[in-house]
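For the sequence shown, position 132 (counting from the first letter as 1) is numbered 132 according to full-length UniProt numbering, and the numbering increases by one without interruption.
Ideal Cβ placement from N, Cα and C applies to all residues, glycine included.
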Amino acid sequence: MKGRHRTPTEGGRMVNVDSCRYLRILVVDDDELTLAMFQTVLSFKNTDIISGLTVSDPKNEKFESLELMVCRQGDEAVEIVKHSLDIGQPFAVVFLDIQMPPGPDGIWTGERIRELDPQIEIIIVTGESDVNLQNIARRIPPVHKLLYLQKPFHPQEIAQFTSALGMKWRAEYELRAIHHQLETLVEERTHELRVVNEQLKQDIAQREKAEDALKESETRYSELFRNAHDMIQSVAPDGRFLFANPAWFDKFGYTEADLPDLNFFQLIHPDSLEHCQESFSKVMQGEAIQNVEAIFQLRTGRHITVEGNAVPRYLDGEVVAMHGFFRDITTRKKAEERLHQLQEAIETMQIGVIITDLEGTITYTNIAEAEMHGYEPEELLGQNMNILQPSRLRKPLGLSEIAGWMGLVRESTHVRKDGTTFPVWLMSEIVIDHQGEPWALVTSCEDITERKQAEEALRKSEERNRIILESAPDPIAVYDMKGRIMYVNPAFSRVFGWELEESIGTRLDFVPIENRRDTKLLFEKIRQGQTVSGFETLRIAKNGKAIDVSISGTGFFDRDGKLQGSVITLQDITRRKQQERDIKFLAYHDALTGLLNRKSFYSRLEDELVRSFRPTAEERRLRGEKWALLFLDLDNFKNVNDSLGHEVGDQLLKSVAFRIRESVRKCDYIFRLGGDEFTIILHHLATDTDVAKVAQKIRKDVAKPYSIQNHTLYATASVGIGFYPQDGDNVETLVKNAETAMYVAKNEGEGYRFFSEDMNKKALERMTLENHLRIALQQDQFLVYYQPLVDQHSQLVGMEALVRWNHPEWGLVNPGRFIPIAEETGLIVPLGDWVLQTACEQIVEWREMGYNGLTVAVNLSTRQFREPDLIETIERVLEATGLPSHHLKVEVTESGIMDNPEQAIERMQILRKRGIRFSIDDFGTGYSSLSYLKRFPIDTLKIDRSFVIDCPTDKDDQEIIKTIIAMARNLNMNTVAEGIETEEQRDFLIEQGCQFMQGYYYGKPMPPEQFLADLLHKPGTQSRK
């Protein structure tokens, strides 16, 4: 049929069939951005949509153009549709926003448009997820001409919807035209109509099938934007983000709340910034950018590489934003870089690499492979692998046989281009594709001609050398480069017990642990090309016997000078070494008592002085390196010799030496200088009192009766004590002063005497203080004082319990004097238990007076924390006093819990489950591990007063305090600052976020009566809860 035809389709109106050449789209939305996006996507310049639409007639015509109209209100849209029908140019598709204030909504508009044009395709657009679809479908029938699209959506969805529905609308127009023609020609062409009708049925079935596919596509693309794996973003000209999809937020680590504060260019890596700015500028000028790559920084600081496209977004003909669609290609870029490196590595390898398909055709070869066989790489490509093998070895290989070689090195023979053959090492592996099927074979090839020649030469050399080694009188062992035995001669088997057969290929374990380091150095010298000679050490035979040996060794090499192993000769020098030891013992030991002699004494003392001279005094104090020299002389020993003879005197000296040895530790040194004089070097002394105790013990043991040759003898000793370095920092001075102290003790009859009167006085004072400390515990001379703990608003929240000693004669004793002694003697344990009991009782008493909000902090010493019954003690006190556990806070020191961190964690967790809270006292002054700190159930970190004192002015202290508070906050801990004395200190700590404070600014430690009067009864300091 030619010419123009009209068919009554739209409300009885006649429509030109030729009008179907134009795809007319109507968009009704009150949102300017949405209208701009439709205008951009459905612009006539966007030929992708029109080019995808064809008419199913014999001419295969396409839409000549796409016409888009937009409006913002529903009643306006109804008039536009009505007018389009009046002029015979109906719309194919209308996009209706469901909400268009202040006018009618999209559903009302859809009802009116459907009444005017039953054939138009209606798409309801909404940003809401709770829309009643059934109600909409009932009001705007039929269902197959009604679709639903949820905001936000991807521009491609608009294109897909328009394309699919335009084709559907066009097809329906054609169908109606054909029906009209058949109706007018029914009488003339009945037979033809049946044929055409049958064809139409098939067309209808196909179109229904297309409609089903379209509905499925609509559902799929409605979720495209929300579920897209690629990152989608919209950026304003000034770099502000307008919106982004969930994939963008997931990748960059930000939330929608962060988006207004972000700028597109701030997220770009400096290396990509200039390129991105140029591309952004092009997009803002209306140009679409494809396949752009850039590096961005995530919220975590990590960088990623992305690839994607960017298109302009128009509004009223102006570019108002950039739409970007990107995907993360970081992994791909790294893989490409690794692949490039791998390709370069393969090309530069000295070993040949060749790749063939499953039929053996060569598809790749590196330069080394080609040159090894006398070819250029291009000559081998396309050839069969058999070209590299002698004819006798050429045979087809199956996959099963190749798989048997996979990863295994095998020897074979290859042939060069000139026909010569050479030995090779081959390793083949099957390459599997992504479906798990084999598709190629990779083979590495190494020319081993020189190695085979070297092996043969080595075999002959070994045979010659074996004859020489077999007849050698000294043990000889040959090692490979991995320390494994390659050969031992008969002399080795005779001396050490291992036979050749059981030794080959093993690493004989016959080096004592203490000699392994020296042995390692010996082999290291040989590997460096040196020769070792006369190295004396010890080896253990198979039967466990220790054998002194003198080792000589050298390396052996291949033809290229490459070290292959070592030859070691082990001369048995056991007899000579024993003779040397006997001579040395006699030179340095007293023949009578077996003690070290005078020569050993002065040598050892000199060594001690040199060793102790290196660190500073402070370092020696921290390391506990305090030591003393004791000079001992028997009293009236001359009378024994004169009355009972030298034989009895010698027996007495031997017995005295034995008792002295039993009175000291193994780490101490005892010497006999001669006659009845002895010296002792005592190490690792904690206090001066320790030396006095040792001297007392020696004198007590020496004074016990002796039974010698039917005589009961008694002996006493005078001891002089000298300390390093107080009493001498050289041998002569220290010995002279210790000997002087001995003579003073002998003359005064005091038994022992410190060289320095000041030292003697301090030691006696310390012993006196210790004795009085024990009496104080028995006579209840201790008191508990309380120092207030306040919050940021100076409100009293608790207190710290502090022990005080009120001596009946001395008055209040400084805690710094008696606490260290209590720690060292163990008296801190009963003292600490008493403080805990007293503090808990006091808090209970105040609670009964109505002060229920108070907590008390009690210090636990390191010694207390190690007590096995610590948990039982605390639970017993709480039960006896009736104090709720959450009102007790235990303060521990860093060193106290780090002494045995695992045990500390276990104990603290048990008590924490009981409700008891913990704080670390003087935090920042110890050496605790942060990896352990986060495992401890700590509630509070106490900032040491040393950081607080200068915090208003000292930058270092300020940074330390900030760090401690920030760390505590991140670990969900509170902070307490101690030692606050000024308003400036308080203000700085409050500004930094410190929750609690204590110090003289709020109140000194005070007895409970004063605490009650000054603080608890003071208005506004403590609420009664």
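Based on the DSSP output, what are the partners of residue i in its beta bridges?
i, result
"residue 857", "800 and 889"
"residue 227", "DSSP output for residue 227 lists no bridge partner at all."
"residue 710", "DSSP output for residue 710 lists no bridge partner at all."
"residue 443", "354 and 428"
"residue 1006", "786"
"residue 883", "Answer is none; residue 883 lacks a bridge partner."
"residue 343", "For residue 343, which the question treats as bridged, DSSP gives no partner whatsoever."
"residue 805", "782 and 813"
"residue 150", "126"
"residue 68", "25"
Check residue i in the structure and name its three-state DSSP category.
i, result
"residue 249", "helix"
"residue 528", "coil"
"residue 873", "helix"
"residue 295", "strand"
"residue 794", "coil"
"residue 387", "helix"
"residue 597", "coil"
"residue 519", "helix"
"residue 550", "strand"
"residue 348", "helix"
"residue 203", "helix"
"residue 435", "coil"
"residue 377", "helix"
"residue 142", "coil"
"residue 43", "coil"
"residue 592", "coil"
"residue 921", "strand"
"residue 301", "coil"
"residue 74", "helix"
"residue 132", "coil"
Under the rule that 16 or more other beta-carbon atoms within 10 Å means buried, what is residue i, buried or exposed?
i, result
"residue 975", "buried"
"residue 241", "buried"
"residue 466", "exposed"
"residue 985", "buried"
"residue 432", "exposed"
"residue 506", "exposed"
"residue 846", "buried"
"residue 348", "exposed"
"residue 831", "buried"
"residue 232", "buried"
"residue 707", "exposed"
"residue 167", "buried"
"residue 884", "exposed"
"residue 28", "buried"
"residue 154", "buried"
"residue 1040", "Outside the shown range of the chain (1 to 1025) lies residue 1040, about which nothing can therefore be said."
"residue 199", "exposed"
"residue 157", "buried"
"residue 87", "exposed"
For my contact list, residue i and residue j are in at a C-beta cut-off of 8 Å; report their separation, rounded to the angstrom.
i, j, result
"residue 283", "residue 311", "7 Å"
"residue 720", "residue 738", "5 Å"
"residue 734", "residue 743", "Incorrect: roughly 15 Å between the Cβ atoms, too far for contact."
"residue 526", "residue 569", "In fact, because the Cβ distance is near 12 Å, the residues do not count as touching under 8 Å."
"residue 550", "residue 578", "With a Cβ gap of about 14 Å, residue 550 and residue 578 do not count as contacting."
"residue 875", "residue 914", "7 Å"
"residue 891", "residue 945", "No, residue 891 and residue 945 are not in contact; Cβ-Cβ is about 14 Å, not under 8 Å."
"residue 162", "residue 81", "Not really, about 17 Å apart at Cβ, beyond 8 Å."
"residue 443", "residue 428", "4 Å"
| field | Those runs of the alpha helix (DSSP H) which lie wholly inside the stretch 940-1000 and span at least 4 residues | value | 945-948, 955-970 and 983-992
(message) Please give me, in chain order, every unbroken run of the alpha helix (DSSP H) with length at least 4 that falls completely inside the stretch 83-115.
(response) none
### Message
Threshold first: 3 residues or longer. Then list the beta strand (DSSP E) segments lying entirely within the UniProt domain "GGDEF" (625-758), N to C.
### Response
627-634, 669-674, 677-682, 706-708, 711-713, 717-724 and 752-754
Which runs of the alpha helix (DSSP H) fall wholly inside the stretch 807-850 and span at least 4 residues, in chain order? 815-825 and 828-848
| query | Residue ranges of each beta strand (DSSP E) run of no fewer than 3 residues wholly in the stretch 461-524, ordered along the chain? | reply | 476-480 and 485-488
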